[in-house]
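Q: Handing you a structure now.
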Amino acid sequence: MTLTVDIRHRLGDFSIQAAFESAGRLTALFGPSGSRKTTLIHIIGGPGRPPRGTGGAPRPPPPDTANRIYVPAYRRRVGYVFQDARLFPHLSVRSNLNYGRRFAGRGVGTADFNAVVALLDIGHLLLRAPASLSGGEKQRVAIGRALLSNPHLMLMDEPLASLDDARKAEILPYIERLRDEARVPIVYVSHSVAEVTRLATDIAVLDRGRLAAFGPTADILARLDLLSGGEAGEGGTVLEMQLREQDRAFAMSVLRSAAGEIRTPQVDLPLGSRLRVRLRARDVMIATERPQGISALNILSGTVDTLARVSENAVDVRLDCNGQPVIARITRLSAERLRLAAGQQVFAVVKTVSVETAGAAPLPREDA
Amino acid sequence: MFQLSDVETTAIVLSLKVALVATLASLPLAIVVAWLLARCRFPGKGLLNVLVHLPLVMPPVVTGYLLLLSFGRKGPAGAFLEQHFGIVFSFRWTGAALACAVMGFPLMVRAMRLSIEAVDRRLEAAASTLGAAPVLVFLTVTLPLALPGVIAGMILTFARAMGEFGATITFVSNIPGETQTLPSAIYTFTQVPGGDAGAMRLTLVALVISLVALLVSEAVARRASRAVAA
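Below is the structure:
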């Protein structure tokens with residue numbers, strides 16, 4: 101299913117303009133706070149009347165103001181997961197889950213209660229009251245409730261923003277399962293590179309209401325210029341890798357990709373699993389000779405593709421490691437001392453402890 | 006001393022009946038008006054608000070007289086209702102119930118309005134994204150969450166109806182067995198020599214009924230708010 105968004109809206113100083121078409125299963129709307137991500141998904145499927153534009157999944161008609169089509173929220177069939185779970189306090193977990201099913205109409209969709217409960221692992225919570233659930237459990241129930249309303253599209257508005265890191269880690273696998281197993285396209289709003297790296301198939305970057313970029317996750321995250329503020333240092337390379345070996349003695353995993361072998365802190369997945377690994381550009385060092393006597397375990401060989409000055413003192417070096425791009429952010433001084441130039445043979449050095457494995461996650465299966 | 010006479014028993018039973026009917030009959034309209042005032046914007050909202058609260062500030066006798074003018078047999082509303090539905094208010098216990106309902110209406114609407122306003126609108130928004138039309142959002146989310154206020158409003162109206170005197174006696178007079186409610190009966194006892202004992206007995210009964218109503222309302226409201234907060 102394709103998601104089409106074409107929104108132009110202006111109100112005084114406030115404007116929002118975004119148009120993209122995504123065939124991905126989980127499209128992230130990414131940007132710092134103030135980039136109007138939430139406004140955008142409010143237009144796509146939130147409660148209330150959209151200002152102007154079109155957006156959403158096909159059938160029934162999404163709001164389309166050019167053709168004067170406006171569908172009120174309750175008939176839009178968009179499953180909205182709010183930042184605060186918004187479970188109904190007077191209903192049990194089971195009744196919360198069933199709430200939207202009553203209105204979905206007979207024979208619409210195929211969301212199966214037991215399947216959704218199993219997917220989100222909330223069977224043991226059914227008789228509880230929402231007030232007695234943890235933040236993570238509440239959010240899982242909220243996801244299930246939205247899914248059971250038989251939506252054509254799921255909108256998740258920073259669903260992890262109000263949770264601590266432990267609770268986030270608890271929910272992320274369920275969102276992955278949702279992405280891989282539920283046949284509903286998902287739009288996921290976030291300002292966290294880690295979340296987006298782990299979950300998104302495609303990313304739309306918003307900057308003060310404008311669409312700054314749209315494309316597959318790895319392509320977007322490689323464009324370091326798109327990140328700013330607190331997330332500025334989080335950009336880098338997303339490598340799609342395969343788990344080859346577990347080094348239990350040192351609690352490490354060995355992953356393989358076209359670029360070469362990488363050792364990461366241990367990942368608890370079966371051998372052969374496919375993973376996403378993020379190498380932050382600021383964590384990658386460059387050497388012109390293969391380093392000796394160095395603690396860093398990961399040394400990838402490649403050639404310099406491009407050099408781009410990004411600030412007074414920093415240069416982004418894009419390497420080609422056997423077809424796989426790897427980006428390093430180094431100082432201008434280092435780049436000059438090493439006399440880096442396009443086509444030069446170099447080595448990228450990455451410490452194992454700086455390889456992001458918290459964000460490492462099984463990739464969507466190719467055959468699905 | 007505590008043996009109730011027939012007149013007294015009749016007045017007590019009539020009062021309970023009048024208060025109960027007044028409370029239940031005005032409940033649906035009060036919920037709708039409370040919702041309109043709490044959640045909607047429309048022209049004439051201020052006027053509606055004033056109209057609802059008028060019986061609270063007007064002398065009860067004036068309210069009763071206005072009821073007599075409009076709902077009496079010759080009044081426009083009264084004549085219409087008698088002709089088309091066979092409903093007669095004047096000098097009947099139904100008239101007493103109408104007077105009590107009108108006098109209690111502001112209290113009921115006020116309590117319900119406040120509790121509806123206190124319901125988290127984000128929950129209502131969530132319900133609408135799940136496919137519930139506005140009316141269903143109200144019935145399945147707003148109303149259950151506002152239940153403590155609804156109950157409080159009903160109890161207030163019931164208690165107010167048990168004590169209603171001015172509007173009732175002006176509108177439907179003081180006919181034993183038909184419109185002589187508990188306050189009217191007490192009033193009558195105080196107007197005749199030797200009626201002190203009867204007045205005292207009825208006063209004690211009124212006191213007990215008020216206390217029970219208050220205790221029941223506290224218990225029900227506590228249970229309801231526990232269910233909502235849990």
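One line per chain: the protein sequences are B and A, in this order. Start counting the first sequence at 101; every next residue gets the next number (the numbering used here). Start counting the second sequence at 6; every next residue gets the next number (the numbering used here). We put the beta carbon where it would ideally sit given N, CA and C, even for glycine. A quick note: this is a predicted structure, and the numbers were derived from the prediction, not measured.
Which of the three DSSP states is assigned to Met385(B) in this structure?
A: Your numbering for residue 385(B) matches position 285 in the first sequence. Three-state result, Met385(B): strand.
Q: Nearest chain B C-beta to Leu245(A) closer than 8 angstroms, yes or no?
A: No statement about residue 245(A) is possible, as the shown extent of chain A runs from 6 to 235 and does not include it.
Q: Check this for me: beta carbons of Val178(B) and Pro259(B), under 8 angstroms apart or not?
A: Position 78 of the first sequence holds residue 178(B). Position 159 of the first sequence holds residue 259(B). It is not a contact, given that the beta carbons lie outside the stated cut-off.
Q: Where do the N-terminal and C-terminal ends of the beta strand (DSSP E) with Thr431(B) fall, by residue?
A: Here residue 431(B) is taken as the residue at index 331 of the first sequence, counted from 1. Counting along the chain, the beta strand (DSSP E) containing Thr431(B) begins and ends at Gln424 to Thr431.
Q: Output the residue ranges of the alpha helix (DSSP H) runs that lie fully inside the segment 44-102 of chain A and measure 4 residues or longer, sorted by chain position.
A: Runs of the alpha helix (DSSP H) inside the segment 44-102 of chain A: 50-62, 65-76 and 81-90.
Q: Of the choices Ala358(B), Asp416(B), Thr406(B) and Leu369(B), whose alpha-carbon is the least far from that of Asp383(B)?
A: Your numbering for residue 383(B) matches position 283 in the first sequence. Minimum Cα distance to Asp383(B) is reached at Asp416(B).
Q: Roughly how many angstroms lie between the CA atoms of Ile143(B) and Phe85(A), to the nearest whole one?
A: By 1-based counting over the first sequence, the position of residue 143(B) is 43. By 1-based counting over the second sequence, the position of residue 85(A) is 80. The straight-line gap from Cα to Cα measures roughly 51 angstroms.
Q: Of all the CB atoms in chain B, is at least one closer than 8 angstroms to the CB of Val140(A)?
A: As a first step, residue 140(A) must be located in the second sequence, where it is residue number 135. No, because no Cβ of chain B sits closer than 8 angstroms to the Cβ of Val140(A).
Q: Taking Cβ-Cβ distances below 7 angstroms as the criterion, which residues of the segment 21-43 of chain A are in contact with chain B?
A: Against chain B - using a Cβ distance shorter than 7 angstroms - the segment 21-43 of chain A contributes no residues.
Q: Among Arg310(B), Val338(B) and Ala312(B), which residue has its Cα nearest to the Cα of Leu321(B)?
A: Working through the first sequence from its first residue, we reach residue 321(B) at position 221. The shortest C-alpha separation from Leu321(B) is found at Val338(B).
Q: Less than 8 angstroms between the CB atoms is what I'm expecting for Gly360(B) and Leu400(B), so what's the real figure, rounded?
A: Here residue 360(B) corresponds to residue number 260 of the first sequence, with the count starting at 1. Here residue 400(B) corresponds to residue number 300 of the first sequence, with the count starting at 1. Right, their Cβ atoms sit about 5 angstroms apart.
Q: Considering only DSSP beta bridges, list what Asp302(B) is partnered with.
A: As a working note, residue 302(B) is residue 202 in the first sequence. Asp302(B) is bridged to Thr127(B) and Pro316(B).
Q: If we define contact as Cβ-Cβ less than 8 angstroms, is Pro158(B) a contact residue for chain A?
A: Reading the first sequence from its first residue, position 58 is the one you call residue 158(B). In this predicted model, Pro158(B) has a pLDDT of only 44, less than 50, meaning its place in the structure is not dependable; the value taken from the coordinates is given anyway. It does not: the Cβ of Pro158(B) has no partner Cβ on chain A nearer than 8 angstroms.
Q: Cutting at 7 angstroms between CB atoms, please list the residues of its own chain near Phe90(A), excluding the five before and the five after it.
A: Taking the first residue of the second sequence as 1, we reach residue 90(A) at position 85. Within the same chain, Phe90(A) has no close Cβ partners at all.
Q: By how many angstroms is the C-alpha of Val354(B) removed from the C-alpha of Glu345(B)?
A: Taking the first sequence and counting its residues from 1, one reaches residue 345(B) at position 245. Taking the first sequence and counting its residues from 1, one reaches residue 354(B) at position 254. Each residue's Cα considered, the two are about 5 angstroms apart.
Q: State buried or exposed for Thr14(A), treating a residue as buried only when at least 16 other CB atoms are found within 10 Å of its CB.
A: Sequence index remark: in the second sequence, residue 14(A) carries index 9 (1-based). The residue is exposed, with fewer than 16 neighbouring Cβ atoms inside 10 Å.
Q: Ile180(A) by DSSP, collapsed to three states: which one?
A: Along the second sequence, read from residue 1 onward, the residue named residue 180(A) stands at position 175. DSSP places Ile180(A) in coil when its eight states are reduced to three.
Q: Looking only at its chain, what residues have a beta carbon closer than 8 angstroms to the beta carbon of Arg159(B), apart from the 5 residues adjacent to it on each side?
A: To locate residue 159(B), count along the first sequence from 1; it is residue 59. Note that Arg159(B) scores 44 on pLDDT, short of 50, meaning its location in the model is unreliable; the coordinates nonetheless yield the value given after this. If we look at Arg159(B) and ignore the five residues flanking it on each side, its Cβ neighbours are His252.
Q: Contact defined as beta carbons within less than 8 angstroms: I believe Arg247(B) pairs with Met254(B). What is the distance between those atoms, to the nearest angstrom?
A: Within the first sequence, residue 247(B) is the residue found at index 147, counting from 1. Within the first sequence, residue 254(B) is the residue found at index 154, counting from 1. A quick correction: the sequence has Leu, not Arg, at residue 247(B). About 7 angstroms; that satisfies the 8 angstroms criterion.
Q: Could you confirm whether any beta carbon from chain A is found closer than 8 angstroms to the beta carbon of Arg177(B)?
A: Working through the first sequence from its first residue, we reach residue 177(B) at position 77. Yes, contact with chain A.
Q: Label Asn422(B) either buried or exposed according to how many other C-beta atoms from any shown protein chain fall within 10 Å of its C-beta, with 16 as the threshold for buried.
A: Residue mapping note: residue 422(B) aligns to position 322 of the first sequence, counting from 1. Flag for Asn422(B) reads exposed.
Q: Consult DSSP for Glu237(B) and reduce its assignment to one of helix, strand or coil.
A: Taking the first sequence and counting its residues from 1, one reaches residue 237(B) at position 137. Residue state, collapsed to three classes: helix.
Q: Does any CB atom of chain B fall closer than 8 angstroms to the CB of Val146(A)?
A: In the second sequence, counting from the first residue as 1, residue 146(A) sits at position 141. Output row for Val146(A): interface = yes.
Q: Residues of chain B with CB closer than 8 angstroms to the CB of Ser133(A), please, in chain order.
A: The residue you call residue 133(A) lines up with position 128 of the second sequence. Those are Pro147, Pro172, Ala173 and Tyr174, listed as they occur along chain B.
Q: Which residues in chain B sit within 8 angstroms of Arg127(A), going by Cβ to Cβ distance?
A: Against the second sequence, residue 127(A) aligns to sequence position 122. Near Arg127(A) (Cβ distances below 8 angstroms), the residues of chain B are Phe182, Asp184 and Arg186.
Q: Is it buried or exposed, Leu413(B), if we count other Cβ atoms within 10 angstroms and call 16 or more buried?
A: Residue numbering aside, residue 413(B) sits at position 313 when the first sequence is read from its first letter. The sequence given here has Asn at residue 413(B), not Leu. Looking at its Cβ environment, which holds fewer than 16 other Cβ atoms inside 10 Å, Asn413(B) is exposed.
Q: Give the interface partners of Ala137(A) over in chain B, defined as CB-CB distance under 9 angstroms, in chain order.
A: Position 132 of the second sequence holds residue 137(A). Here the neighbours are Tyr174, Tyr199, Gly200, Arg202 and Phe203.
Q: To which residues of the same chain is Ala137(A) closer than 6 angstroms at the C-beta, ignoring the five residues directly before and after it?
A: Your numbering for residue 137(A) matches position 132 in the second sequence. Nothing listed; no residue qualifies.
Q: What's the C-alpha gap between Ser292(B) and Phe182(B)?
A: Here residue 292(B) is taken as the residue at index 192 of the first sequence, counted from 1. Here residue 182(B) is taken as the residue at index 82 of the first sequence, counted from 1. If you take the alpha carbons of Ser292(B) and Phe182(B), they lie about 16 angstroms apart.
Q: Unbroken alpha helix (DSSP H) runs of length 4 or more, entirely within the segment 178-234 of chain B: which are they?
A: Fully enclosed alpha helix (DSSP H) runs of 4 or longer: 193-199 and 213-220.
Q: For Asp120(B), list the residues DSSP reports as bridge partners.
A: Sequence index remark: in the first sequence, residue 120(B) carries index 20 (1-based). With the sequence shown as reference, residue 120(B) is identified as Phe, and Asp is not the correct amino acid for it. According to DSSP, which records beta bridges pairwise, Phe120(B) is partnered with Val105(B).
Q: Given that a residue counts as buried once 16 or more other Cβ atoms are within 10 Å of its Cβ, and exposed if not, what is Phe76(A)?
A: The count along the second sequence starts at 1 and reaches residue 76(A) at position 71. Under this definition Phe76(A) is a buried residue.
Q: With H, G and I counted as helix, E and B as strand and the rest as coil, what does DSSP make of Asp264(B)?
A: For the purposes of this step, residue 264(B) is taken as the residue at position 164 of the first sequence. The answer is coil: DSSP assigns Asp264(B) none of H, G, I, E or B.
Q: Thinking just about the alpha-carbon of each residue, which of Ala172(A), Leu161(A), Trp40(A) and Gly182(A) is nearest to the one in Ile214(A)?
A: The count along the second sequence starts at 1 and reaches residue 214(A) at position 209. Cα-wise, what sits closest to Ile214(A) is Leu161(A).
Q: Excluding the 5 residues preceding and the 5 following Ser249(B) in the sequence, name in chain order all residues of the same chain whose CB lies nearer than 6 angstroms to its CB.
A: Reading the first sequence from its first residue, position 149 is the one you call residue 249(B). Counting only Cβ-Cβ distances below 6 angstroms, and skipping sequence neighbours, we find Gly179, Gly200 and Ala204.
Q: Give the straight-line distance between the Cα atoms of Gln10(A) and Val107(A), rounded to the nearest whole angstrom.
A: As a first step, residue 10(A) must be located in the second sequence, where it is residue number 5. As a first step, residue 107(A) must be located in the second sequence, where it is residue number 102. The sequence given here has Ser at residue 10(A), not Gln. Cα-Cα distance, rounded: 30 angstroms.
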